[in-house]
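Asks: Here's a structure for you.
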Amino acid sequence: MTPIEMLIDLMEFNANWIKNEVADMPTELLYWTPDPAANSINVTIWHVARMLDVFLVRFLQGQTQEDELWFRDGWDKQVNYDSRGLGIAGFGSVIGYTAEEVAAIPQFERALLFDYFDQTHQAIYDYLRGLPEGGLDELRQWGKNEQPVYAWVRHVFQDSVRHCGEILTLQAMRERQQQA
29 MTPIEMLIDL MEFNANWIKN EVADMPTELL YWTPDPAANS INVTIWHVAR MLDVFLVRFL
89 QGQTQEDELW FRDGWDKQVN YDSRGLGIAG FGSVIGYTAE EVAAIPQFER ALLFDYFDQT
149 HQAIYDYLRG LPEGGLDELR QWGKNEQPVY AWVRHVFQDS VRHCGEILTL QAMRERQQQA
């Protein structure tokens, strides 16, 4: 197994865990939030996909926001949600959102959410598979930050893994609330 194959395997394993965990989840739980400023599981999954999209297009490929899958492929229009200019650096990925901005994120229909989730994951896998030998060590710059491709991918992967814990926590919180 090459380093790229291993990285893709880890990312696929994590993505499949998220999809399997949510597959039979009641819709009410998918959209539930413990308080008005908190993310729902639905928003968390969209955030994971958005971060892959942003990191791939902006950080690794050096393209613009308009080239992100969310905008290029019309997901924003399909769900009537344009996140441009929101949050940290205007990424529109939930990071740095106000409570009001989080509340304005639509409750994405499950199939549509996972179509976008799958598309962003496939795009990063294709990108990684297209790297030349030693490509994980190639430097990419965004703003003042210059890091190897591997470091950028590691960051977004770690974020995705962290959100698995968030999904489990939200599930447990809701279950305890219902039992009380």
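This note's numbering puts the first residue of the sequence shown at 29, with every later residue one more than the last.
Every residue gets a Cβ at the ideal spot worked out from N, C-alpha and C, and that includes glycine.
The structure displayed is predicted, hence computed values, not measured ones.
Among all the DSSP beta bridges, which residues are the ones paired with E174?
Replies: Mapped onto the sequence shown, residue 174 falls at position 146. Beta bridge pairing from DSSP links E174 with Q169.
Asks: Under the three-state reduction of DSSP, which class applies to T92: helix, strand or coil?
Replies: Stepping through the sequence shown from its first residue, residue 92 is reached at position 64. In this structure, DSSP gives T92 a state outside helix and strand, which the three-state scheme calls coil.
Asks: Three-state secondary structure (DSSP) at V107?
Replies: Reading the sequence shown from its first residue, position 79 is the one you call residue 107. Looking at V107 - three-state DSSP - the assignment turns out to be coil, as it is neither helix nor strand.
Asks: Would you tell me roughly how many angstroms separate the C-alpha atoms of N44 and L97, rounded to the nearest one?
Replies: Numbered from its first residue, the sequence shown carries residue 44 at position 16. Numbered from its first residue, the sequence shown carries residue 97 at position 69. If you take the alpha carbons of N44 and L97, they lie about 20 Å apart.
Asks: Starting from D81, trace the alpha helix (DSSP H) both ways and give me its first and last residue.
Replies: Here residue 81 corresponds to residue number 53 of the sequence shown, with the count starting at 1. Run containing D81: I69 to V82, per the alpha helix (DSSP H) assignment.
Asks: Rounded to whole angstroms, what is the Cα-Cα separation between N70 and L88?
Replies: Start at 1 with the first residue of the sequence shown, and residue 70 comes out as number 42. Start at 1 with the first residue of the sequence shown, and residue 88 comes out as number 60. Looking at the two C-alpha atoms, the distance is approximately 26 Å.
Asks: Is Q135 helix, strand or coil by DSSP?
Replies: As a first step, residue 135 must be located in the sequence shown, where it is residue number 107. Looking at Q135 - three-state DSSP - the assignment turns out to be coil, as it is neither helix nor strand.
Asks: CB-CB under 8 Å to S68, same chain, minus the five flanking residues each way: which ones, in chain order?
Replies: As a first step, residue 68 is located in the sequence shown; it is residue number 40 there, counting from the start. Around S68: L58, Y59, W60, T61, Q135 and L198.
Asks: Between which two residues does the alpha helix (DSSP H) containing V85 stretch?
Replies: As a position in the sequence shown, residue 85 is number 57, starting the count at 1. First-last for V85: undefined, no H or E at that position.
Asks: For G118, I'd like the list of residues in its chain whose CB is within less than 7 Å of its CB, leaving aside the five on either flank, ordered along the chain.
Replies: Locating residue 118 in the sequence shown gives position 90, counting from the first residue. The answer, listed in chain order, is R112.
Asks: If the criterion is Cβ atoms closer than 8 Å, does the pair L156 and L35 meet it?
Replies: Reading the sequence shown from its first residue, position 128 is the one you call residue 156. Reading the sequence shown from its first residue, position 7 is the one you call residue 35. Yes, the Cβ-Cβ distance between L156 and L35 is below 8 Å.
Asks: According to DSSP, is G193 helix, strand or coil?
Replies: For this step, residue 193 is matched to residue 165 along the sequence shown. Looking at G193 - three-state DSSP - the assignment turns out to be helix.
Asks: Do the region 162-170 and the region 48-58 meet, that is, are 3 or more Cβ pairs less than 8 Å apart?
Replies: no
Asks: According to the Cβ coordinates, are M39 and H149 closer than 8 Å?
Replies: Residue mapping note: residue 39 aligns to position 11 of the sequence shown, counting from 1. Residue mapping note: residue 149 aligns to position 121 of the sequence shown, counting from 1. Cβ atoms of M39 and H149: closer than 8 Å.
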